[in-house]
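Quick note: our numbering has the sequence shown finishing at residue 380, numbered continuously throughout. No residue lacks a Cβ here, since even glycine has one placed at the ideal position from N, Cα and C. The structure presented is a predicted model; accordingly, all values stated were derived computationally and were not measured. Inspection log for the structure reproduced underneath, given as structure tokens.
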Amino acid sequence: MANLMPKISVIMPVFNAENKLKESIDSILNQTFSDFEFLIYNDGSTDNSDEVIKAYNDPRIKYTKFENNAGLVGLLNRGISEAKGEFIARMDADDISLPYRFEEQFKFMNENPDIGFCGSMIEHFGRQSAIVNLPVTNFDINASLFFGTPFSHPTVMMRTSLLRSNNLFYDNNYLYAEDYELFERVSFFTEMSNIQKILLKYRLHETQISTKKWNRQYHLAGKIQARRFARVLNKPLPTDLEFLENYFTFNSKISNKWFELIEYYKTRIITENVTYPKELILKAVDAFSDQNTNKNIKEYLLRNYYNNADLNINLLLNFFRERKDIRKHLNMKLSAKFIAKCLLPYQK
33 MANLMPKISV IMPVFNAENK LKESIDSILN QTFSDFEFLI YNDGSTDNSD EVIKAYNDPR
93 IKYTKFENNA GLVGLLNRGI SEAKGEFIAR MDADDISLPY RFEEQFKFMN ENPDIGFCGS
153 MIEHFGRQSA IVNLPVTNFD INASLFFGTP FSHPTVMMRT SLLRSNNLFY DNNYLYAEDY
213 ELFERVSFFT EMSNIQKILL KYRLHETQIS TKKWNRQYHL AGKIQARRFA RVLNKPLPTD
273 LEFLENYFTF NSKISNKWFE LIEYYKTRII TENVTYPKEL ILKAVDAFSD QNTNKNIKEY
333 LLRNYYNNAD LNINLLLNFF RERKDIRKHL NMKLSAKFIA KCLLPYQK
């Protein structure tokens, strides 16, 4: 008989995962820690996922099937609202939780009451194999949030009361980066940690969201980075957020003034910060790296020159008027093609 008040509620949305689903479900049902409910939401799958799920007769499974696609974020939020457990554990329908995952996380959360959010190290398998080590301490996690997500989403365990009492639900405006967006907000309400053990095998394959929607994911991650830096500024203006968003989504308009503004914002972030320890902010401003600056420059050149619909002599002259250190970021092959197309009566 299923416990009416389980310690853990596991949330797993499913969409067309028939080939990988049994492994994922089995990895949860075979946990050494068994006091949990398993909330499975079938998000309008058109394959045999429904049959795979219905083959199980475990009372811990609470299965809901949607005829139409309700969307990942809506189902995650439904899980938060419906969860009966003290803790909420995330799981994806294509990954594998190691048998002792819940035992380790439950013990860790009980021994560390100040931590409201914990994940773990992961092992990639499928297209590639690798061990992925993530930041462990609350300090390092908060620093990492300026660069990207410090958690592997399907490893996360959260205190249910923390989420509900602070209205910490996933935001559909950040679909495909909804986990990073939530983690960034959660960081203001609790301490966080990653357990220094591999507790999940993370499958890499061509059809997963991070592969199919990486452009959108990348753009949204840049917006979250910008928002995190803007929080540090004293009374930030819309123009501050605009500059930061353009920088971290690689959509900057490059000019001599732009190079000055990078240094201006780095200085402001360091001097106006009252939110984080000084050493954390000094580490965070490394996000304004040469690599990110160079990518902004390259994207600017591609956007405004090479990908321009009207390739002509005047555009070519403007290209050569740009600062030399800007032009060098469009490599020789691309530059040669661009020059040839401008000189020839050719429309891209």
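Within this structure, are the beta carbons of residue i and residue j separated by less than 7 Å?
i, j, result
"residue 258", "residue 277", "yes"
"residue 120", "residue 192", "yes"
"residue 231", "residue 152", "yes"
"residue 370", "residue 338", "yes"
"residue 204", "residue 105", "yes"
"residue 60", "residue 129", "yes"
"residue 215", "residue 271", "no"
"residue 127", "residue 296", "no"
"residue 225", "residue 177", "no"
"residue 262", "residue 175", "no"
"residue 48", "residue 82", "no"
"residue 76", "residue 109", "no"
What are the partner residues of residue i, as DSSP defines its beta bridges?
i, result
"residue 95", "72"
"residue 234", "156"
"residue 331", "DSSP lists no partner for residue 331."
"residue 83", "None; residue 83 has no bridge partner."
"residue 226", "151"
"residue 129", "232"
Buried or exposed for residue i, going by 16 or more other Cβ atoms inside 10 Å?
i, result
"residue 202", "buried"
"residue 284", "buried"
"residue 161", "exposed"
"residue 163", "exposed"
"residue 292", "exposed"
"residue 69", "buried"
"residue 260", "buried"
"residue 124", "buried"
"residue 189", "buried"
"residue 63", "buried"
To the nearest angstrom, report how far apart residue i and residue j are at their CA atoms.
i, j, result
"residue 111", "residue 43", "6 Å"
"residue 265", "residue 310", "14 Å"
"residue 143", "residue 122", "20 Å"
"residue 71", "residue 347", "58 Å"
"residue 267", "residue 131", "48 Å"
"residue 207", "residue 349", "41 Å"
"residue 343", "residue 335", "12 Å"
"residue 194", "residue 221", "8 Å"
"residue 287", "residue 211", "34 Å"
"residue 57", "residue 273", "43 Å"
"residue 299", "residue 213", "25 Å"
"residue 37", "residue 115", "10 Å"
"residue 372", "residue 324", "29 Å"
"residue 159", "residue 306", "44 Å"
"residue 39", "residue 196", "16 Å"
"residue 165", "residue 186", "15 Å"
"residue 171", "residue 217", "15 Å"
"residue 351", "residue 249", "31 Å"
For the beta strand (DSSP E) that contains residue i, what are its first and last residues?
i, result
"residue 367", "That residue, residue 367, is in no beta strand (DSSP E); its alpha helix (DSSP H) goes 364-375."
"residue 119", "119-122"
"residue 163", "162-164"
"residue 381", "Any property of residue 381 remains undetermined from this structure, which presents the chain solely from 33 to 380."
In terms of residues, what are the limits of the alpha helix (DSSP H) holding residue i?
i, result
"residue 190", "Taken as a continuous stretch (DSSP letters only), residue 190 belongs to no alpha helix (DSSP H), being part of the beta strand (DSSP E) at 189-191."
"residue 313", "310-316"
"residue 41", "From DSSP, residue 41 is part of no alpha helix (DSSP H) but of the beta strand (DSSP E) over 40-46."
"residue 49", "Neither: residue 49 is in no alpha helix (DSSP H) and is coded neither H nor E."
"residue 352", "345-353"
"residue 286", "Unbroken run through residue 286: none, as it is neither H nor E."
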